Amino acid sequence: MRAYVKVKQLVITINQRDSQALQRDFGISTAVADEIYEAIDDYFDRGTKVSICPEMEAFESRGKKRPFVDIYETDDGSLGLECILFADGEPSEAILHVEVSETDSQLSLYYKYIGS
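Residue numbering for the sequence shown follows this note's numbering, starting at 250 and increasing by one per position.
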(Lines of atoms letter the chains of each structure in order from A; the text may use other names.)
(Lines give C-alpha, C1' and ligand atoms only; values in the text may rest on other atoms or scores of the structure.)
Protein backbone atom coordinates (compact mmCIF):
# COMPACT_ATOMS: atom_id res chain seq x y z
CA MET A 250 0.00 0.00 0.00
CA ARG A 251 1.45 3.32 -1.10
CA ALA A 252 0.03 5.23 1.88
CA TYR A 253 1.90 2.93 4.30
CA VAL A 254 5.18 3.54 2.45
CA LYS A 255 4.64 7.32 2.60
CA VAL A 256 3.91 7.23 6.36
CA LYS A 257 6.90 4.98 6.99
CA GLN A 258 9.14 7.48 5.19
CA LEU A 259 7.68 10.30 7.30
CA VAL A 260 8.42 8.42 10.53
CA ILE A 261 11.98 7.63 9.38
CA THR A 262 12.49 11.33 8.63
CA ILE A 263 11.04 12.32 12.03
CA ASN A 264 13.33 9.80 13.75
CA GLN A 265 16.32 11.36 11.94
CA ARG A 266 15.11 14.82 13.05
CA ASP A 267 15.69 16.06 9.53
CA SER A 268 13.71 19.31 9.42
CA GLN A 269 14.88 20.12 5.88
CA ALA A 270 13.60 16.76 4.57
CA LEU A 271 10.30 17.23 6.43
CA GLN A 272 9.91 20.58 4.64
CA ARG A 273 11.06 19.33 1.24
CA ASP A 274 9.32 15.93 1.16
CA PHE A 275 6.20 16.54 3.26
CA GLY A 276 5.65 20.31 3.28
CA ILE A 277 6.07 20.43 7.07
CA SER A 278 7.29 23.82 8.29
CA THR A 279 10.14 24.20 10.76
CA ALA A 280 7.66 25.32 13.44
CA VAL A 281 5.54 22.18 12.96
CA ALA A 282 8.69 20.03 12.85
CA ASP A 283 9.65 21.49 16.24
CA GLU A 284 6.18 20.57 17.57
CA ILE A 285 6.65 17.03 16.25
CA TYR A 286 10.04 16.70 17.97
CA GLU A 287 8.54 18.04 21.19
CA ALA A 288 5.74 15.45 21.03
CA ILE A 289 8.27 12.69 20.33
CA ASP A 290 10.35 13.85 23.32
CA ASP A 291 7.23 13.78 25.51
CA TYR A 292 6.64 10.11 24.68
CA PHE A 293 10.15 8.71 24.26
CA ASP A 294 13.58 8.97 25.84
CA ARG A 295 16.29 10.64 23.77
CA GLY A 296 17.95 8.12 21.47
CA THR A 297 14.89 5.87 21.19
CA LYS A 298 14.44 4.57 17.64
CA VAL A 299 10.93 5.59 16.59
CA SER A 300 9.29 3.58 13.80
CA ILE A 301 6.03 1.99 12.69
CA CYS A 302 5.39 -1.73 12.54
CA PRO A 303 6.30 -3.82 9.50
CA GLU A 304 3.73 -3.61 6.70
CA MET A 305 2.83 -7.31 6.97
CA GLU A 306 1.56 -6.74 10.54
CA ALA A 307 0.28 -3.18 10.14
CA PHE A 308 -3.36 -3.84 9.34
CA GLU A 309 -3.84 -7.08 11.32
CA SER A 310 -6.14 -6.73 14.33
CA ARG A 311 -6.43 -10.37 15.37
CA GLY A 312 -5.66 -10.76 19.07
CA LYS A 313 -5.56 -7.04 19.87
CA LYS A 314 -7.98 -4.14 20.26
CA ARG A 315 -6.93 -2.37 17.08
CA PRO A 316 -4.48 -2.78 14.22
CA PHE A 317 -1.13 -1.01 14.46
CA VAL A 318 -2.23 1.10 11.47
CA ASP A 319 -5.92 1.95 11.35
CA ILE A 320 -7.26 3.39 8.08
CA TYR A 321 -10.55 5.20 7.56
CA GLU A 322 -12.08 7.40 4.88
CA THR A 323 -12.55 11.06 5.79
CA ASP A 324 -15.51 13.23 4.80
CA ASP A 325 -13.54 14.77 1.92
CA GLY A 326 -12.58 11.35 0.51
CA SER A 327 -8.97 11.26 1.65
CA LEU A 328 -7.64 8.47 3.86
CA GLY A 329 -7.05 9.01 7.55
CA LEU A 330 -4.37 6.86 9.16
CA GLU A 331 -3.77 6.35 12.86
CA CYS A 332 -0.40 4.68 13.28
CA ILE A 333 0.86 3.33 16.59
CA LEU A 334 4.46 4.43 16.92
CA PHE A 335 7.03 1.86 17.95
CA ALA A 336 9.88 2.57 20.37
CA ASP A 337 12.95 0.43 19.73
CA GLY A 338 10.77 -2.12 17.94
CA GLU A 339 7.98 -2.29 20.54
CA PRO A 340 4.50 -0.69 20.31
CA SER A 341 4.02 2.43 22.42
CA GLU A 342 1.02 4.51 23.46
CA ALA A 343 1.92 7.28 20.97
CA ILE A 344 -0.25 7.43 17.85
CA LEU A 345 0.65 9.37 14.71
CA HIS A 346 -2.41 10.87 12.99
CA VAL A 347 -2.08 11.74 9.29
CA GLU A 348 -4.22 12.08 6.17
CA VAL A 349 -3.24 10.89 2.72
CA SER A 350 -4.82 12.01 -0.53
CA GLU A 351 -4.09 11.41 -4.20
CA THR A 352 -4.20 13.98 -6.99
CA ASP A 353 -3.15 13.08 -10.53
CA SER A 354 -1.47 9.88 -9.27
CA GLN A 355 0.57 11.95 -6.79
CA LEU A 356 0.24 10.92 -3.14
CA SER A 357 0.20 13.75 -0.57
CA LEU A 358 0.55 13.25 3.17
CA TYR A 359 -0.73 15.76 5.72
CA TYR A 360 0.57 15.56 9.29
CA LYS A 361 -2.17 16.19 11.87
CA TYR A 362 -0.75 15.38 15.32
CA ILE A 363 0.81 12.81 17.64
CA GLY A 364 -1.41 11.78 20.55
CA SER A 365 -2.45 8.74 22.53
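Ideal Cβ positions, reconstructed from N, Cα and C, are used throughout, including at glycine.
Just so you know, these numbers come straight off a predicted model, no measurement behind them.
Among the residues of its own chain, which have a CB less than 6 Å from the CB of residue i, if the five just before and after it don't count?
| i | result |
| --- | --- |
| LEU271 | THR262, ILE277 and ALA282 |
Please say whether residue j and residue i have beta carbons closer to each other than 8 Å?
| i | j | result |
| --- | --- | --- |
| VAL318 | ALA307 | yes |
| SER330 | VAL256 | Here the sequence assigns Leu to residue 330, which means Ser is not the residue at that position. In this structure, VAL256 lies closer than 8 Å to LEU330 by Cβ. |
| SER350 | SER357 | yes |
| HIS346 | TYR321 | no |
| GLU304 | TYR360 | no |
| SER341 | TYR292 | yes |
Compute the Euclidean distance between the alpha carbons of residue i and residue j, then round it to the nearest angstrom.
| i | j | result |
| --- | --- | --- |
| ALA336 | MET250 | 23 Å |
| TYR286 | ALA280 | 10 Å |
With residue i as the anchor, note down where its beta strand (DSSP E) starts and where it stops.
| i | result |
| --- | --- |
| LYS255 | No beta strand (DSSP E) contains LYS255, which is instead part of the alpha helix (DSSP H) from 251-264. |
| ILE285 | Looking at the DSSP string, ILE285 is not in any beta strand (DSSP E); the run it does join, the alpha helix (DSSP H), is 279-292. |
Can you check DSSP and say which residues form a bridge with residue i?
| i | result |
| --- | --- |
| PRO340 | PHE335 |
Among the residues of its own chain, which have a CB less than 7 Å from the CB of residue i, if the five just before and after it don't count?
| i | result |
| --- | --- |
| GLU284 | none |
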